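In the numbering used here, the protein residues as written are 4 to 424.
The C-beta atom is built at its ideal place from N, Cα and C for all residues, glycine as well.
The structure presented is a predicted model; accordingly, all values stated were derived computationally and were not measured.
Heads up: the structure comes next, in structure tokens.
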RNA sequence: GGAGGGGUGGCAGAGUGGUUGAAUGCGGCGGUCUCGAAAACCGUUAUGGGCGUUUUCUCGUCCAUCGAGGGUUCGAAUCCCUCCCCCUCCGCCA
């Protein structure tokens, strides 16, 4: 949600920013609705004031034992008139709010123009392994060693589901342990959130109404399966006013994530790269508005450190404006080298959503005692997306005999040194 | 799942149709007193929105908000409906 009041005062910068995302006309429409509301509102309120005053008069007369029927008669007419005006007002407000809900965040000035193919590569880090043998992909190795079972998963749950077994499960547990300990040392409090949420948090984080198709819905209970723990983590401080000292507030959510992958038919159908269910450790920060850019870099730095420590070759790309999710003002992806595909693929990602989610969620803070509350800024970033990280570890760490050597940092966290030997 | 009880200001807790945005107490903040502190006393104590005022800080005024939404009424914290949440007992359950 955008800061409508600020935009009203000075619409040009917001219009220019939204034009980069193709939403300039919608903004004009929104401003028109807002103007109409502000025409109607004083009229409604004036009549309400009149009504309140008359009501006091009626009460006073009745207390004095007098008759107020003439006043009541007059107020009946006013009441009818007021109801009509209120109906018009609330219709305008509903249209305004519905439109406001669909507008995306203002992009950061440094976010590059363009769409999906216009991400800017910022740097490549780590050495891609060279293999003296035919590279095998994670599914091939996974099936051979009994780490991954997809056929029975398809029978049990459908396509894009998988069983993970044996050593690979131990690697998953080590990955979670490694990631949580690392980010905890950076001030992110470990947290296991609910994976089922109501509509409110999804709306608040900006997944609704735009991306409703991506979310599993449990209609009977009006609950939704989260696609990322970002959703319940953001909701943790919804409708709260935090003290300034409480910021920054950082969480490391550990959860399973569920995605319908609607519209991804035929894409990444092999293996566990794109599945309906995976586990993930997610960073989420609530910060003061002036801090969000620095926090964004900080989160990106942690993501890079995790990949480097896991000895996964990666590159960092900055996402172009046209490919940003609605709530994001700016976003970086870390892409890992996937040998079987001979290219970098998205492994982690971090977004600065500035005040967009916070305003929708009502997450505020008091900059100083006795000062009006202000909206916080929120950011999110992947610490470890387990499934895709397993792919990168398996494929980059494979040996000629089909075994996989794991990085020391993971072994320290409880993983075997080598699996499939 | 069944039965019952409740949601009021930071907290506790009055209030069943008319000066109740809301008594009272506690807490917080400011002040008086004091060498200082405590006690006592006085004052103050929310959020959102509109309009006006202001260069900013501000101030004034009106409207809304007693879990949420709708309804009845001239008028709703108070009456009715739907939903949400919490508590107690029974059942079930990792």
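Next item on the list: Give me the Cα-Cα distance between residue 18 and residue 166, rounded to the nearest whole angstrom.
Entry: 48 Å
Notebook entry, point to check: Do you know how far the Cα of residue 97 is from the Cα of residue 349?
Noted result: 38 Å
Next item on the list: Return the CA-CA distance between residue 70 and residue 81, expressed in angstroms with no decimal places.
Entry: 19 Å
Note to self: What would DSSP say about residue 108, mapped onto helix, strand or coil?
What the structure shows: coil
Item checked: Alpha-carbon to alpha-carbon, residue 384 and residue 334 -> 9 Å
Item checked: Exposure label - residue 410; buried when at least 16 CB within 10 Å -> buried
Next item on the list: Please work out which residues of its chain come closer than 7 Å, Cβ to Cβ, to residue 189, disregarding the five sequence neighbours upstream and downstream, and give them in chain order.
Entry: 305
Checklist line | For residue 45 and residue 52, the rounded distance between their alpha carbons | finding: 10 Å
Checklist line | Helix, strand or coil at residue 4 according to DSSP, with G and I counted as helix | finding: coil
Checklist line | Outcome for residue 300 when other beta-carbon atoms lying within 10 angstroms are tallied against a minimum of 16 | finding: exposed
Checklist line | Outcome for residue 308 when other beta-carbon atoms lying within 10 angstroms are tallied against a minimum of 16 | finding: exposed
Next item on the list: Return the chain-ordered list of same chain residues with a C-beta closer than 6 Å to the C-beta of residue 376, the five sequence neighbours on each side being excluded.
Entry: 244, 367 and 369
Next item on the list: Go through its chain and collect everything with a Cβ distance to residue 252's Cβ below 6 Å, but skip five positions before and after it.
Entry: 289
Notebook entry, point to check: So, do the segment 173-191 and the segment 322-341 have three or more beta carbon pairs nearer to each other than 8 Å?
Noted result: no
Checklist line | residue 230 vs residue 363 beta-carbon contact at 8 Å | finding: no
Next item on the list: Could you tell me whether the segment 129-142 touches the segment 58-70, where touching means 3 or more Cβ pairs closer than 8 Å?
Entry: no
Notebook entry, point to check: In whole angstroms, what separates the C-alpha of residue 28 from that of residue 22?
Noted result: 8 Å
Check: If you compare alpha carbons, which of 239, 173, 38 and 357 is closest to residue 203?
Finding: 239
Check: Given residue 170, which residues of its chain have a CB within under 8 Å of its CB, disregarding the five upstream and five downstream residues?
Finding: 148, 150, 419, 422 and 423
Check: Once you ignore the five residues that flank residue 74 on each side, which residues in its own chain have a CB closer than 8 Å to its CB?
Finding: 57, 60, 61 and 64
Next item on the list: Pair every Cβ in the segment 317-329 with every Cβ in the segment 221-237, then say whether three or more of these pairs are closer than 8 Å.
Entry: no
Note to self: Please state the DSSP three-state secondary structure of residue 219.
What the structure shows: coil
Checklist line | Proximity below 8 Å, CB of residue 90 to CB of residue 33 | finding: no
Notebook entry, point to check: Mind checking whether residue 108 and residue 330 have CB atoms under 8 Å apart?
Noted result: yes
Checklist line | Nearest-angstrom Cα separation, counted from residue 115 out to residue 125 | finding: 12 Å
Checklist line | Within 8 Å, strictly: CB atoms of residue 159 and residue 416 | finding: no
Note to self: Between which residues of its own chain and residue 402 is the CB-CB distance below 7 Å, once the five residues before and five after are set aside?
What the structure shows: 408
Note to self: residue 250 and residue 297 - do their beta-carbons sit closer together than 8 Å?
What the structure shows: no
Next item on the list: Could you check what DSSP says for residue 380 in three-state terms: helix, strand or coil?
Entry: strand
Margin query: I need the boundaries of the beta strand (DSSP E) containing residue 244, first residue and last residue.
Written below: 243-246
Notebook entry, point to check: Who are the Cβ neighbours of residue 196 in its own chain at under 7 Å, not counting the five residues just before and after it?
Noted result: 232, 235, 236, 256 and 258
Check: Taking Cβ to Cβ, would you say residue 387 is nearer than 8 Å to residue 284?
Finding: yes
Notebook entry, point to check: Who are the Cβ neighbours of residue 194 in its own chain at under 6 Å, not counting the five residues just before and after it?
Noted result: 254 and 256
Notebook entry, point to check: Per DSSP, residue 227 forms a beta bridge with which residues?
Noted result: 200 and 220
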